[in-house]
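To start, the structure under review is shown below, and the notes come after it.
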Amino acid sequence: MNVAGEYLIAAPRDRVWTALRDPETLRACLPGCESLRVVSDGIYEGRVVASLGALSAAFSGRAALLREREPESWSMSAHVRSDTGAGWADGEAALTLGVRDHGTLVAYRAEMRPGGRLAAMGSPLLHQTALALANGFFARLNERLRGERGGAEPLDAAAPGGAPPRRLVEPLAPTPPPPPPPGAPSPAPGAPADDHDPRIRRIIIVAGWIYFVTLLIGLFWPQA
């Protein structure tokens, strides 16, 4: 599965590069990031927890820096796994920073190979979740960097004829069920959740791809 995107950050390229090398900035921009550490030169580990209501799932991973050209680009490989056996994923990613107007165009591409139950979740939903998480990451990054100019815009590839870019994907949000009519009996308590419970499956999707996409985009950016 391949994921790619472009985001316009309202800050100079050197500031964006520096921010993406700062562990505190990364922790602040990455939802659910519990830990981030350097194992050795070019090798990084981290852990993330995602929650949906009363349910949560944790994913741990390791990444290795492959190439870096400051302040233009970097590439890396990564492996992540569920702490509860929900699945795993391997992949590679590359990110480039280009000068655009008075800001920085950040472009990324990643190839992901999920395994275990992650592989059974379906590519369209995984892809949507990955892009929604990327939107959130770059929006938070932009909030920390922007000055007088406006926010980060996720962009599609330029359309023929110079059509303006549009958002890649809107963030996913659960839709609450409608309230029961007045006087209706309360629903009976449900059975305890198991591995096939839709809530468990949703947590596996969200937690896995929150961890994997953030890892590939910025979590293991080489630190100073």
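Position in the sequence shown (from 1) plus 82 gives the number in our numbering.
We put the CB at the ideal spot given by N, CA and C, even for glycine.
Sub-8 Å separation of residue i and residue j beta-carbons
| i | j | result |
| --- | --- | --- |
| Leu177 | Tyr190 | yes |
| Ser157 | Ala175 | yes |
| Ala171 | Arg195 | yes |
| Ala92 | Gly167 | no |
| Ser159 | Ala146 | yes |
| Val152 | Trp99 | For the record, residue 152 in the displayed sequence is Glu; it is not Val. Yes. Within cutoff. |
Beta-bridge partners of residue i, as assigned by DSSP
| i | result |
| --- | --- |
| Asp96 | Answer by DSSP bridge pairing: none, since Asp96 is not bridged. |
| His161 | Arg144, Asp172 |
| Val85 | Ala192 |
| Arg149 | Ser157 |
| Gly180 | Leu187 |
| Cys115 | Val130 |
| Leu227 | In DSSP, Leu227 forms no bridge with anything. |
CA-to-CA distance, residue j to residue i, given in whole angstroms
| i | j | result |
| --- | --- | --- |
| Ser155 | Leu187 | 12 Å |
| Pro94 | Arg182 | 9 Å |
| Ser142 | Glu193 | 18 Å |
| Val85 | His161 | 16 Å |
| Leu90 | Gly114 | 24 Å |
| Arg109 | Val131 | 12 Å |
| Ile285 | Gly198 | Its pLDDT being 47, under 50, Ile285 is placed unreliably by the model, and nothing is read from it. |
| Leu223 | Asp123 | 25 Å |
| Met83 | Arg228 | 32 Å |
Own chain, CB closer than 7 Å to residue i, minus 5 neighbours either side, in chain order
| i | result |
| --- | --- |
| Thr107 | Ala101, Arg226 |
| Asp96 | Pro153 |
Cutoff 8 Å; reference residue i; Cβ partners in own chain excluding five residues on either side
| i | result |
| --- | --- |
| Ser117 | Glu127, Gly128, Arg129 |
| Val121 | Glu127, Arg144 |
| Arg119 | Tyr126, Glu127, Gly128 |
Counted within 10 angstroms of its Cβ, other Cβ atoms place residue i as buried (16 or more) or exposed
| i | result |
| --- | --- |
| Gly169 | buried |
| Ile125 | exposed |
| Ala273 | Note that Ala273 scores 40 on pLDDT, short of 50, meaning its location in the model is unreliable; the coordinates nonetheless yield the value given after this. Its Cβ having fewer than 16 others within 10 Å, Ala273 is exposed. |
| His148 | Correcting the residue identity first, residue 148 is Leu in this sequence and not His. Exposed is the call here. |
| Gly173 | buried |
| Ala241 | Here Ala241 scores only 34 on pLDDT, less than 50, and its place in the model is too uncertain to base an answer on. |
Short CB-CB distance (under 8 Å) between residue i and chain C
| i | result |
| --- | --- |
| His184 | Among the chains of the structure shown, chain C does not appear; only one protein chain is present. |
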